[in-house]
Amino acid sequence: MKQNINLKEFNTFGIEVFAKEFLALSSKEESIEFFKNNPLENENFLILGGGSNLLLTEDFDGLVIHNNLKGIEICEEDDNSVTLKVGAGENWHNFVLHSIELGYSGIENLSLIPGNVGASPMQNIGAYGVEVKDVITKVEAISISTGDVFYFSNKECEFDYRSSIFKTSHKNQYFISSVEFKLSKQPNFNVSYGAIKTQLEEHGIDENSLTTKAISDAVIAIRKSKLPDPSEIGNSGSFFKNPVISEVQFEQLKKKFKDMPAYQLPQGGYKLAAGWLIEKTGWKGYTEGNYGVHKKQALVLVNYGGASGLEIYDLSERILLSVQQKFGVTLEREVNII
Ligand code: FAD
Ligand code: EPU
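The working numbering numbers the first residue of the sequence shown as 1469 and each following residue consecutively.
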């Protein structure tokens, strides 16, 4: 246990705040023992992975637990598929690259998403037509109040768009220790996302030369072209979720804003592009001191260096208000505000 630790290197927004106490847990056994001896249900604590979906708004007057559980092992395998159990502290993108190298397919569209494997079920990470719920079979999690180990099936995780029980009904109750993924040995390419098709063409890839690696390279190229690299500009990816509205509201808005992008959902309603709404309210590229809205992607708030979490939160509040006033749509933050 360390005291008074600067968290700047532990969050991709690069916000400088201090944690009163900091502990890194590196094995399942050590974690079970810790939670058995130190039940945390009434304590102020924060479980930290790669810190890429957080906005730290003040010094943390409690215990930060850094999940550092490593390891990748095969649980089951046949000619068509393989099930891998991956430690929560493994870096997500390294796991994607490792899978591609071994000839497994299913997560190549999720290349270059920052953060660790343990947080991937939290908000059901997704990009370019794939969500991690499509490949998760089981989540292993340790109760923070008893140290008991629980297993959650895919169904029990109640995955939804940028959501799971770990972010809703079971929030702050479990320390995810590992995640199981079922990947395919027979590539099942998903190139439904228009931008991927265009990028593959630019890379000279056609149906015959398509591989999981080619899709991963295309996704990486698209992401690098619009998302800021956290090692250069502090950010946490999309700050808000894409909002879902009713058909009635969609029809009204579409009359007024004819070029508004929208996706009809199978369960009803329409998903709007928050980036477009924010751009149309004039915030894209907005800069105030050393923070603002990314020039190439209005959904991403950025810290150019030295901004406080409260300044960025306040900016997000103003953006929310403008979008509400212009479109009557309420944005919801994707990033966890601490
Ligand atoms: P952290 O930020 O450390 O934690 C996030 C939340 O999960 C916190 O509430 C934390 O307490 C909790 N948590 C973390 N680990 C555990 C654990 N082991 N047990 C219990 N609780 C835990 N997300 C997408 O879905 N799609 C994208 O395309 C995408 N692109 C991004 C691009 C950039 C440039 C950035 C900076 C972020 C992007 N994100 C994206 C968001 C982020 O990368 C993901 O949400 C990622 O899964 C967060 O992982 P992390 O380890 O950094 O989590
Ligand atoms: N758009 C604008 N202006 C902008 C940004 C976007 O008009 O400044 C429009 C685009 O033209 C497009 C639409 O919005 O019509 C969607 O844009 P994009 O394809 O860039 O995706 P997004 O909706 O902004 C979502 C996810 C990303 C994910 C990408 C790719 C959310 C909240 N964000 O972004 O996830 O990588 O799709 O699938 O769902 C994250 O969650 O942190 C994240 C980066």
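For each residue, glycine too, the CB sits at the ideal point set by N, CA and C.
Keep in mind it's a predicted model, so treat the numbers as computed, not measured.
Residue(s) in a DSSP beta bridge with residue i
i: VAL1647; result: VAL1554 and VAL1607
i: PHE1486; result: ASN1474
i: ALA1492; result: HIS1534
i: ASN1505; result: Partner(s): none; ASN1505 has no beta bridge.
i: VAL1598; result: ALA1595
i: THR1540; result: According to the sequence provided, residue 1540 is Ile. The question's Thr does not apply to it. In the DSSP output, where bridge partners are listed per residue, ILE1540 has VAL1554.
i: ASN1584; result: ASN1559
Among the options, the one whose alpha carbon lies nearest that of residue i
i: THR1480; options: ALA1742, TYR1738 and GLU1700; result: GLU1700
i: LYS1794; options: LEU1745, GLU1802 and TYR1572; result: LEU1745
i: TYR1731; options: ALA1741, LEU1668 and ASN1536; result: ALA1741
i: LEU1695; options: GLU1526, SER1637 and VAL1761; result: VAL1761
i: VAL1797; options: GLY1777, ILE1780, PRO1711 and LEU1778; result: PRO1711
i: LYS1810; options: ASN1656, LYS1496, GLN1720 and SER1776; result: Past the boundaries of the shown model lies residue 1810; the chain is included only from 1469 to 1806, so the question cannot be answered.
i: ILE1683; options: LYS1709, ASN1656, ASN1703 and ASP1697; result: ASN1656
i: ILE1610; options: HIS1638, SER1632 and ILE1593; result: HIS1638
i: GLY1737; options: LEU1721, CYS1625, GLY1743 and ASP1727; result: LEU1721
i: LYS1470; options: ILE1515, ASN1510, ILE1533 and LEU1508; result: ILE1533
i: VAL1607; options: GLU1648, SER1632 and TYR1629; result: GLU1648
i: SER1645; options: LEU1475, ILE1500, ILE1483 and ASN1474; result: ILE1500
i: SER1591; options: ASN1521, SER1660 and SER1567; result: In the sequence as presented, Ser is not what sits at residue 1591; that position holds Gln. Nearest of ASN1521, SER1660 and SER1567 to GLN1591, Cα basis: ASN1521.
i: LYS1653; options: SER1567, TYR1572 and VAL1554; result: TYR1572
i: ILE1540; options: CYS1625, LEU1524 and LEU1552; result: LEU1552
i: ASP1527; options: PHE1620, ASN1474 and LEU1788; result: ASN1474
i: CYS1625; options: ALA1595, PRO1589, TYR1642 and GLN1641; result: PRO1589
i: GLU1498; options: ASN1535, LEU1531 and PHE1513; result: ASN1535
i: ASP1546; options: ILE1780, TYR1661, GLU1756 and LEU1651; result: LEU1651
i: LEU1531; options: ILE1542, LEU1514 and GLY1518; result: LEU1514
i: PHE1478; options: GLY1519, THR1525 and VAL1485; result: GLY1519
i: ASN1510; options: ASP1674, HIS1671 and GLN1641; result: GLN1641
i: ILE1619; options: ILE1633, LEU1799 and GLU1484; result: A small correction: the amino acid at residue 1619 is Tyr; Ile does not occupy that position in the sequence shown. The candidate whose alpha carbon is nearest that of TYR1619 is ILE1633.
i: PHE1486; options: GLU1756, GLY1777, LYS1726 and GLN1792; result: GLY1777
i: VAL1770; options: PHE1627, ALA1595, ASN1512 and GLY1702; result: GLY1702
i: ILE1483; options: PHE1563, LEU1789, HIS1671 and GLY1774; result: GLY1774
i: PHE1708; options: GLY1672, GLN1667 and TYR1629; result: TYR1629
Residue i (DSSP reduced to helix, strand or coil)
i: ASP1527; result: coil
i: VAL1532; result: strand
i: LYS1692; result: helix
i: LYS1709; result: coil
i: SER1699; result: coil
i: LEU1578; result: helix
i: PHE1481; result: coil
i: GLU1545; result: strand
i: ASN1592; result: coil
i: ILE1515; result: strand
i: ASN1559; result: strand
i: GLY1805; result: According to the sequence shown, residue 1805 is Ile rather than Gly. Note: ILE1805 maps to strand in three-state DSSP.
i: LEU1570; result: coil
i: ASN1676; result: helix
i: SER1520; result: coil
i: SER1714; result: coil
Near the ligand ADP: residue i beta-carbon under 7 Å from a heavy atom
i: GLY1760; result: The ligand ADP is absent from the structure shown, which contains only the ligand FAD and the ligand EPU.
Within-8 Å CB hit, residue i to chain D
i: LEU1565; result: In summary, chain D is missing from the structure at hand, where a single protein chain is found.
Next on the checklist: With three or more beta-carbon pairs closer than 8 Å as the criterion, would you say the stretch 1676-1689 touches the stretch 1702-1717?
Outcome noted: no
Checklist entry - Of all the alpha helix (DSSP H) runs that stay within the bounds of the stretch 1723-1787, which reach a length of 4 or more residues? => result 1742-1748
Item to check | Contained beta strand (DSSP E) runs [length at least 3] in the stretch 1610-1665, N- to C-terminal order | outcome: 1617-1621 and 1642-1652
Checklist entry - Do the stretch 1553-1571 and the stretch 1582-1591 meet, that is, are 3 or more Cβ pairs less than 8 Å apart? => result A contact exists between the stretch 1553-1571 and the stretch 1582-1591.
Checklist entry - Three or more beta-carbon pairs under 8 Å between the stretch 1748-1757 and the stretch 1672-1687, yes or no? => result Here the stretch 1748-1757 does not lie against the stretch 1672-1687, with fewer than 3 beta-carbon pairs under 8 Å apart.
Checklist entry - Would the stretch 1488-1497 and the stretch 1771-1790 be scored as touching if the rule is three or more Cβ pairs under 8 Å? => result no
Item to check | Cβ contact check for the stretch 1501-1508 and the stretch 1604-1624: 3 or more pairs under 8 Å | outcome: yes
Item to check | Segment contact flag, the stretch 1597-1607 with the stretch 1574-1582, C-beta cutoff 8 Å, min 3 pairs | outcome: yes
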